[in-house]
Each structure stands twice: as C-alpha cells, then as structure tokens.
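Participant: The numbering used here numbers the first residue of the sequence shown as 847 and each following residue consecutively.
Think of the CB as a built atom: it goes at the ideal place given N, C-alpha and C, for glycine as much as any other residue.
This structure is a prediction, so every number in the text was calculated from the model and none was measured.
Got a structure for you, written out below as structure tokens; questions coming shortly.
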Amino acid sequence: MIVYRAIRQREMTDFLAHDPSFAGAGPIAISQIRGASHAANPQAEAEDVLLLLAEEDGLLVGYLGALPNRLQGKVGEERFAWLSCLWIDPNMRGRGLAKSLLEQMYMAWSGRLMITEFTPAAKGLYDKSGYFQDLAQPKGLRLYLYSPLAKVLPKKDPKKWRPYLPIFNLLEQLSFGPQNMRMLFLAKGKYRCESDKNWRPEANKLLSEQKEGFLRGPKDFDWILNYPWLQEGPEDEAAKRYYFSSKAKSLDNGYLYFYEGQTLKAAVLYLLRDGHLRLPYVFMPQADASELIRALLFWMRQKRVIYLTTYQEQLVEALQAKKWPFLGSRPQARHYIITHPLAKTLGDQPFPIQDGDGDAAFT
C-alpha cells in the first residue's frame, strides 16, 4: 500500500535531521543543502507544503517538491508554488504515483502552481491532468567563448564520452590562447563591471520600476546566494542517492554591477557552474545592452567562462546582432505552464519572466 506524506516548511528542519531515509542506503527525497534552502525561503510560510513523499513499506518510491513564490496579479499579490523535482522509482512506474503526487500538490496549493524545465514525460502528465495552460515560451541563446566539449558532452552521455575527456580538456586549454589573443582587440566600452558578494543598496532604484511579474527583492537574492542547492566538490554517497543535482566541480555566484562613470546602469545576479555562466536576474531599465555585454566579456575572460546562456530579451537581441568574439552559438527555448486558477489572477499585459524564476537560479 502506498502511503503519502507531506513535509511543511515548519517541519523541514526536523525532517532533515531525523527522517530515517537519510540514515539508510536507499534514495533520498531532498539533499541536506537543498532542504536547508527550502526551510530558509523568505517567501515560504509555516504551513506551506514543500515536499510530498510516496512510500511503500517504509521505503521511498516517489516525491514531488514545491518552491513557494509570490507574483503581482491584476488585483494584488498572489501566493503560489513552482513544482520542482518530480521523481518516481523506475520499478513503480505505471502505478499512478506521479498522478497522485500531482493531484495532492495541486490541492495543497489550492490549484496555484507553475512549472518550467520539465521532461517530455512529465509534460505528458501535466497535459493529461487538465490543470495547466501555456504561460510563455521565451527564446534564449547559448554562446561559446571557448571550446565547450569537456563541459558539455560528458554530461549528456558520461559512459560514451568519458574516455575522450582528456582530449576535450586539451582542446579547451588550446582554445584559451587564441581566444584571449582575439579578445585583446576588444576595445573597452563605456561601462565597467564590478563584482560583489553583497547587494548594493544603490541598486534598489533599478528594482523600483518593476510593476508586475514575480516578486523578488534583495532579501530573496541574498537567500539564493547564501542557501545554494549545489556544493563544490566531488560526488559523494549522499549525492549518488539523490536523483537531482547537488554537486559541482566548480561553483561561483554573486552580483555584477555595471557603471557608466559613477552612475549605476545595471545589476545582475550571476551563477557560474563548471564554466557555464547564467544570469538569473538582470535589472537594466535604462542600460545599453551592447555596452553591458562588452563589459561582461572582460569579466568572462578573467573568470574563464566557457559558455553563456541567457533568455534576457535585450541581451539576446544584442548578442544576435554581434556574436563576436564567441566561437559559436545555439538557440535555446523554455516552456512555462501555469494552472488555470492562477492564470486568472494575471493581468492582460505580457508577463515578465527572468531567467532565474522558478528554481533555475539555484542549478
């Protein structure tokens, strides 16, 4: 018999410390570092369901996570949750566990859910439920500053590409010299880039123009930076027992500030994982995207960023217009879906979405 168990925000810390699953040898429903982040979420309330477990004879056979958030609707603030981390034991598939977990999470959040970055199989589940409709399908761009083979191919198919890793690493190292020489001809522009681990109060003025969309502020950004879902280091036994990411070979995050003279033009929260740079939150209401990219490139060279992915509309347009000095690029796409009750709370205007909305800022 399948037993379902809900873990609320007020229970998460105790669950991490005392649940028997962490002391066993089987799969775990959440990593310690990710669970601590959920417990510290400034937008979570004590009774919010953050995790649903499916167990059979005391053994974990499935789970579904939720990440509380707020948005500015047409009549005020609305609370909802992003679905995150759906997993079903392969031996239990076909028994309706995923459907039951989704139904229970839907009820726990009064039908107010969003999802992105789902697998085709999960999309089939969501479509069949009848709960969801499309929200947005933004187009992005991935650009390669150095050879990405050592970072990209082993992740796609480790068994197939691991024997070639020394060759890929060599190609990556060989690409640094010529690319750095090419970038010597990149003239400095109007903006300068400064990195910081702290949110600068002067950046608050860049947020004041945000009238709608997901409600994130300095407290949320500091939470994202101080409670990451990934740890730098080799994969350990706990990481092997958790289906989703918990380790990275290299990891860095923080803020980038772009100035023209003494005037702050843009503030960016960045995540750099294994040579892959992402920009989860970009605030640049009056900034020149081309100048921002020019300043960013110097920082990327210093950090040895291998490739950059962004969905930020202004940056994508500027990068498409002038892709030099990148070696190449690939189009990217994301799909956001929203439950019908939550969609009714939105206004008629296009709904702004940042790259980090959902759980993308963490991984």
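For A1113, which residues of its own chain have a beta-carbon under 6 Å away from its beta-carbon, when the five flanking residues on both sides are left out?
Facilitator: By one-based count along the sequence shown, residue 1113 stands at place 267. Counting only Cβ-Cβ distances below 6 Å, and skipping sequence neighbours, we find A1049, L1052, Y1103, F1129.
Participant: Assign W1145 to one of three DSSP states: helix, strand, or coil.
Facilitator: Here the question's residue 1145 lines up with position 299 in the sequence shown. Three-state DSSP puts W1145 in a helix.
Participant: Are the CB atoms of G911 and L899 nearer to each other than 8 Å?
Facilitator: Position 65 of the sequence shown, counted from the start, is the residue given in the question as residue 911. Position 53 of the sequence shown, counted from the start, is the residue given in the question as residue 899. Not a contact, by the Cβ cut-off of 8 Å.
Participant: Can you give the beta carbon distance from P1187 to R958, rounded, assuming they're within the 8 Å contact cut?
Facilitator: Taking the first residue of the sequence shown as 1, we reach residue 1187 at position 341. Taking the first residue of the sequence shown as 1, we reach residue 958 at position 112. The pair is a contact, with the Cβ atoms about 6 Å apart (cut-off 8 Å).
Participant: Less than 8 Å between the beta carbons of L913 and D1203, yes or no?
Facilitator: Locating residue 913 in the sequence shown gives position 67, where the first residue counts as 1. Locating residue 1203 in the sequence shown gives position 357, where the first residue counts as 1. Not closer than 8 Å, so no.
Participant: Does DSSP classify H864 as helix, strand or coil?
Facilitator: Here residue 864 refers to the residue found at position 18 when the sequence shown is read from its first residue. Of the three classes helix, strand and coil, the one that applies to H864 here is helix, per DSSP.
Participant: For K1095, collect the residues of the same chain with a Cβ closer than 6 Å to its Cβ; drop the 5 residues on either side in sequence, then sort them by chain order.
Facilitator: Here residue 1095 refers to the residue found at position 249 when the sequence shown is read from its first residue. Here the set comprises D1120.
Participant: Would you say the beta carbon of S867 is closer than 7 Å to some non-hydrogen atom of the ligand SAM?
Facilitator: The ligand SAM is not part of this structure, which contains no ligands at all.
Participant: With H, G and I counted as helix, E and B as strand and the rest as coil, what does DSSP make of D1042?
Facilitator: Here residue 1042 is taken as the residue at index 196 of the sequence shown, counted from 1. Note: D1042 maps to strand in three-state DSSP.
Participant: Ends of the alpha helix (DSSP H) at R1062?
Facilitator: Working through the sequence shown from its first residue, we reach residue 1062 at position 216. Run containing R1062: none; DSSP gives neither H nor E here.
Participant: So within the region 876-912, which uninterrupted alpha helix (DSSP H) runs reach at least 4 residues, ignoring any that extend past its ends?
Facilitator: DSSP runs (the alpha helix (DSSP H)) wholly in the region 876-912: 878-886.
Participant: Would A875 pass as a contact of Y909 if the rule is Cβ separation under 8 Å?
Facilitator: One-based indexing of the sequence shown puts residue 875 at position 29. One-based indexing of the sequence shown puts residue 909 at position 63. Contact: yes.
Participant: Just tell me which of M960, P936, L929 has its CA closest to the CA of V907.
Facilitator: The residue labelled residue 907 in the question sits at position 61 within the sequence shown. Of M960, P936, L929, the residue nearest in Cα terms is P936.
Participant: Ignore the nearest five residues each way along the sequence and tell me which others in L905's own chain have a CB closer than 8 Å to its CB.
Facilitator: Against the sequence shown, residue 905 aligns to sequence position 59. Result list for L905: G872, in chain order.
Participant: What separation, rounded to the nearest whole angstrom, lies between the Cα atoms of R1180 and P1080?
Facilitator: Sequence index remark: in the sequence shown, residue 1180 carries index 334 (1-based). Sequence index remark: in the sequence shown, residue 1080 carries index 234 (1-based). So the alpha carbons of these two residues sit roughly 29 Å apart.
Participant: Report, in whole angstroms, the separation of the C-beta atoms of D1201 and Q1158, which I expect to be a contact under 8 Å.
Facilitator: The residue labelled residue 1201 in the question sits at position 355 within the sequence shown. The residue labelled residue 1158 in the question sits at position 312 within the sequence shown. Confirmed, Cβ separation roughly 6 Å.
Participant: What's the gap between the Cα of K1168 and the Cα of K1093?
Facilitator: Counting from one through the sequence shown, the residue named residue 1168 turns up at place 322. Counting from one through the sequence shown, the residue named residue 1093 turns up at place 247. If you take the alpha carbons of K1168 and K1093, they lie about 34 Å apart.
Participant: Is K945 buried or exposed, if buried means 16 or more other CB atoms sit within 10 Å of its CB?
Facilitator: The residue you call residue 945 lines up with position 99 of the sequence shown. So K945 ends up on the exposed side.
Participant: With DSSP run on the structure shown, which of helix, strand or coil describes K1111?
Facilitator: Along the sequence shown, read from residue 1 onward, the residue named residue 1111 stands at position 265. Correct three-state label for K1111: strand.
Participant: Where does the unbroken beta strand (DSSP E) through E923 begin, and where does it stop?
Facilitator: Here residue 923 refers to the residue found at position 77 of the sequence shown. That run of the beta strand (DSSP E) goes 923-934.
Participant: Identify the continuous alpha helix (DSSP H) that holds D973 and give its terminal residues.
Facilitator: Against the sequence shown, residue 973 aligns to sequence position 127. It spans 966-975 - the alpha helix (DSSP H) in which D973 sits, taken as one unbroken run.
Participant: If you reduce the DSSP assignment to three classes, tell me which class E1106 lands in.
Facilitator: Taking the first residue of the sequence shown as position 1, residue 1106 is located at position 260. If DSSP states are grouped into helix, strand and coil, E1106 belongs with the strands.
Participant: For G1100, write down the residues that DSSP places opposite it in a beta bridge.
Facilitator: Numbered from its first residue, the sequence shown carries residue 1100 at position 254. Answer is Y1116, bridged to G1100.
Participant: Tell me the rounded alpha-carbon separation between F1144 and Q1178.
Facilitator: Reading the sequence shown from its first residue, position 298 is the one you call residue 1144. Reading the sequence shown from its first residue, position 332 is the one you call residue 1178. Answer to the nearest angstrom: the Cα atoms are 24 Å apart.
Participant: Hey, Y1210 and F964: beta-carbon distance below 8 Å or not?
Facilitator: Because the chain is modelled from 847 through 1209, residue 1210 falls outside the range shown and cannot be assessed.
Participant: Where does Q950 sit, in a helix, a strand or coil, going by DSSP?
Facilitator: Your numbering for residue 950 matches position 104 in the sequence shown. Looking at Q950 - three-state DSSP - the assignment turns out to be helix.
Participant: Give the secondary structure of Q1178 by DSSP, where H, G and I count as helix, E and B as strand, and everything else as coil.
Facilitator: The residue given as residue 1178 occupies position 332 in the sequence shown. DSSP places Q1178 in strand when its eight states are reduced to three.
Participant: Where D980 and K1190 are concerned, what is the direct C-alpha to C-alpha distance, given to the nearest angstrom?
Facilitator: Here residue 980 refers to the residue found at position 134 when the sequence shown is read from its first residue. Here residue 1190 refers to the residue found at position 344 when the sequence shown is read from its first residue. Roughly 12 Å between the two C-alpha positions.
Participant: Got a sec, what are the start and stop residues for the alpha helix (DSSP H) K985 sits in?
Facilitator: If you number the sequence shown from 1, residue 985 lands on position 139. Per DSSP, K985 belongs to no alpha helix (DSSP H); it is in the beta strand (DSSP E), 985-990.
Participant: Distance check for D865 and L999, CA to CA, integer angstroms please.
Facilitator: Within the sequence shown, residue 999 is the residue found at index 153, counting from 1. Within the sequence shown, residue 865 is the residue found at index 19, counting from 1. Bear in mind that a pLDDT of 49 at L999, under 50, signals an unreliable position, so the number given afterwards is only what the model happens to contain. Their backbone Cα atoms lie some 37 Å apart in a straight line.
Participant: So, using beta-carbon positions, are V1151 and L1115 closer together than 8 Å?
Facilitator: Position 305 of the sequence shown, counting from 1, holds the residue named residue 1151. Position 269 of the sequence shown, counting from 1, holds the residue named residue 1115. Not a contact, by the Cβ cut-off of 8 Å.
Participant: Based on DSSP bridge pairs, tell me the residues matched to L917.
Facilitator: Here residue 917 refers to the residue found at position 71 when the sequence shown is read from its first residue. Its beta-bridge partners are E924, F1060.
Participant: For Q1160, does the three-state DSSP call read helix, strand or coil?
Facilitator: As a working note, residue 1160 is residue 314 in the sequence shown. Helix, per DSSP.
Participant: Between the Cα of L1173 and those of L991, G1100, R1140, spot the shortest distance and give me the residue it belongs to.
Facilitator: As a working note, residue 1173 is residue 327 in the sequence shown. Nearest C-alpha to L1173: L991.
Participant: Residues in its own chain within less than 6 Å of W955 by CB, not counting five upstream and five downstream?
Facilitator: Here residue 955 refers to the residue found at position 109 of the sequence shown. A927, listed in sequence order.
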